[in-house]
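K.L.:
Structure below; questions to follow.
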Amino acid sequence: MIKTDILIIGAGPTGLFTVFEAGLLKLKTHLIDALPQPGGQCSEIYPKKPIYDIPGFPEILAGQLVDNLMEQIKPFNPGFTLGERAETIEKLEDDTFLVTTNKGTQHNAPVVAIAGGLGSFEPRKPPIPNIIDFEDKGVAYIIRDPEVYRDKRVVIAGGGDSALDWTIFLADVASEVTLVHRRNEFRGALDSVERVAELTKLGKVNLITEAEVKELKGDDHVTAVGIKHKTQGDIQVDTDYFIPLFGLSPKLGPIGNWGLEIEKNAIKVDNSYDYQTNIPGIYAIGDVNTYKGKLKLILSGFHEAAIMCQSAYQRIHPDKKYVMKYTTVGGVEGFDGTKKEAKKEVVKAIV
């Protein structure tokens, strides 16, 4: 049996940053993830996708963010159970939890932090009759390697952040990029909408709004898409690839059967204090949770992880008083095998 202080379900960015925050509190961590490597969606689905809202990084690739987080947590030596799904949870007599995976691996901890992102997921597919026939033959729901589209013609469909971000990125990679959206308004960040508009003016993006892709043409590979426009009728656009980016359909999986309070396929938490669920000792942080005003952003998950770890420390050490020190003051043990020296002063007591 694997024993730890905080058992983290999910090794995406939020789960990885939890290791860092827990490490500053001298708490041991172990992570479980169904994927074979850390990083969650950032590693598995879009490692080459640019991210623009990480503080201090005007732009960073998702895979690079994961690499940086892995480097950041290295001094705290977390444990990993990868390629296994957290299946069941049991409350023991000593007020700790026993979590067993689908392969029978048992984990024991006084605190469980669910940081499973969207849970298990599958892409939302547009209702195009023959789309399945062209999967892996020009149709892709996820962009893993943008170099595949180097000097190719690409049609992207969608109106959210992913569609906008990839349109911007591929404008400098593909020979021709067309973005199709059924409305004039977009759901993505205003800055991204403005950048797409500017690229359209420069002739680097062909923007078609009030339209939907209704048909795929080709034999062994996509050669064109048929588009239904609100006012112009039928339009055909020749292309080498069609990429519908309509998001993912999330599923909590076995976690949904753990007795947690669920709302719209997300776990309800108390955001007035520590992001704890309706079961004391079980927390939910990152995209997997929900509360009034929730923003599904990586940076929001980072904030939630920091607050959660403070509460976890109090639960694990109820008789101890922890005095927080900023890392600029207290340093971080482990980097280069030493502790970075700093002034020995208390900046702020939080307990």
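Once you know that position 276 of the sequence shown is 1244 in my numbering, the rest is easy, because the numbers rise by one and skip nothing.
Don't be surprised by glycine CBs; every beta carbon is placed ideally from N, CA and C.
A quick note: this is a predicted structure, and the numbers were derived from the prediction, not measured.
Excluding sequence positions up to five away, which residues of its chain have a Cβ less than 7 angstroms from the Cβ of residue 1135?
P.N.:
As a position in the sequence shown, residue 1135 is number 167, starting the count at 1. 1124, 1145, 1147, 1164, 1173.
K.L.:
With a 10 Å radius around its C-beta and 16 neighbouring C-beta atoms as the bar for buried, classify residue 973 as buried or exposed.
P.N.:
Sequence index remark: in the sequence shown, residue 973 carries index 5 (1-based). Buried.
K.L.:
With DSSP as the reference, please indicate the residues paired to residue 1058 in a beta bridge.
P.N.:
Position 90 of the sequence shown, counted from the start, is the residue given in the question as residue 1058. Answer is 1066.
K.L.:
Determine the direct distance from the alpha carbon of residue 1110 to that of residue 1186, and round the result to whole angstroms.
P.N.:
Position 218 of the sequence shown, counted from the first residue, corresponds to residue 1186. Position 142 of the sequence shown, counted from the first residue, corresponds to residue 1110. Taking the straight line from one Cα to the other gives about 21 angstroms.
K.L.:
Based on Cα-Cα distance, which residue from 1161, 1114, 1005 lies nearest to residue 1142?
P.N.:
Your numbering for residue 1142 matches position 174 in the sequence shown. Minimum Cα distance to residue 1142 is reached at 1114.
K.L.:
Where do the ends of the beta strand (DSSP E) carrying residue 1246 lie?
P.N.:
Position 278 of the sequence shown, counting from 1, holds the residue named residue 1246. Run containing residue 1246: none; DSSP gives neither H nor E here.
K.L.:
Considering only residues of the stretch 1206-1285, which uninterrupted beta strand (DSSP E) runs meet the minimum length of 3 residues and lie entirely inside it, listed in chain order?
P.N.:
Taking only runs of at least 3 residues, the beta strand (DSSP E) segments lying wholly in the stretch 1206-1285 are 1209-1212, 1216-1219, 1234-1236, 1250-1252.
K.L.:
Do residue 1154 and residue 1127 have their C-beta atoms within less than 8 angstroms of each other?
P.N.:
For the purposes of this step, residue 1154 is identified with residue 186 of the sequence shown, where counting begins at 1. For the purposes of this step, residue 1127 is identified with residue 159 of the sequence shown, where counting begins at 1. In contact: residue 1154 and residue 1127 (Cβ atoms closer than 8 angstroms).
K.L.:
Just how far apart, CA to CA, sit residue 1276 and residue 989?
P.N.:
Mapped onto the sequence shown, residue 1276 falls at position 308. Mapped onto the sequence shown, residue 989 falls at position 21. Approximately 9 angstroms between the Cα atoms of the pair.
K.L.:
For residue 1260, count neighbouring C-beta atoms within 10 Å of its own C-beta (all shown protein chains included) and say buried if the count is 16 or more, exposed if not.
P.N.:
Mapped onto the sequence shown, residue 1260 falls at position 292. Exposed: under 16 other Cβ atoms inside 10 Å.
K.L.:
Under a Cβ-count criterion, where at least 16 other Cβ atoms within 10 Å of its own Cβ denotes burial, should residue 1017 be classed as buried or exposed?
P.N.:
Looking up residue 1017 in the sequence shown gives position 49. Residue 1017 comes out buried.
K.L.:
Within its chain, find whatever has a CB closer than 6 angstroms to the CB of residue 1272; leave out the 5 residues flanking it on each side and keep chain order.
P.N.:
Residue mapping note: residue 1272 aligns to position 304 of the sequence shown, counting from 1. Excluding positions up to five away in sequence, the list reads 1243, 1253.
K.L.:
Quick one: any contact between the stretch 1054-1069 and the stretch 1218-1232, if contact means 3 or more CB pairs under 8 angstroms?
P.N.:
Yes: at least three Cβ pairs fall under 8 angstroms.
K.L.:
With DSSP collapsed to three states, give me the class of residue 1305.
P.N.:
As a first step, residue 1305 must be located in the sequence shown, where it is residue number 337. Because the pLDDT at residue 1305 is just 46, under 50, the model does not fix this residue reliably, and the value given afterwards should be weighed accordingly. The answer is helix: DSSP assigns residue 1305 an H, G or I state.
K.L.:
Which of helix, strand or coil does DSSP assign to residue 1157?
P.N.:
As a first step, residue 1157 must be located in the sequence shown, where it is residue number 189. DSSP places residue 1157 in coil when its eight states are reduced to three.
K.L.:
By alpha-carbon positions, which one of 1266, 1283, 1247 ends up nearest to residue 980?
P.N.:
What you label residue 980 is simply residue 12 of the sequence shown in a count that begins at 1. If we check each option's Cα against that of residue 980, 1266 comes out closest.
K.L.:
Does DSSP put residue 1081 in a helix, a strand or coil?
P.N.:
Counted from its first residue, the sequence shown places residue 1081 at position 113. Residue 1081 falls in the strand class under three-state DSSP.
K.L.:
Assign residue 1129 to buried or exposed, taking buried as 16 or more other Cβ atoms, counted over all protein chains shown, within 10 Å of its Cβ.
P.N.:
As a working mapping, residue 1129 is identified with position 161 in the sequence shown. Label assigned to residue 1129: buried.
K.L.:
By alpha-carbon positions, which one of 1014, 1269, 1278 ends up nearest to residue 1023?
P.N.:
For this step, residue 1023 is matched to residue 55 along the sequence shown. Closest by alpha carbon: 1269.
K.L.:
Relative to the C-alpha of residue 1080, which candidate in 1071, 1063, 1096, 1092 has its C-alpha closest?
P.N.:
The count along the sequence shown starts at 1 and reaches residue 1080 at position 112. For the residues 1071, 1063, 1096, 1092, the minimum Cα distance to residue 1080 belongs to 1063.
K.L.:
Using CA coordinates, which residue listed in 1029, 1005, 1119 is at the minimum distance from residue 1133?
P.N.:
On the sequence shown, position 165 is the one that residue 1133 refers to. Measuring from the Cα of residue 1133, the nearest candidate turns out to be 1029.
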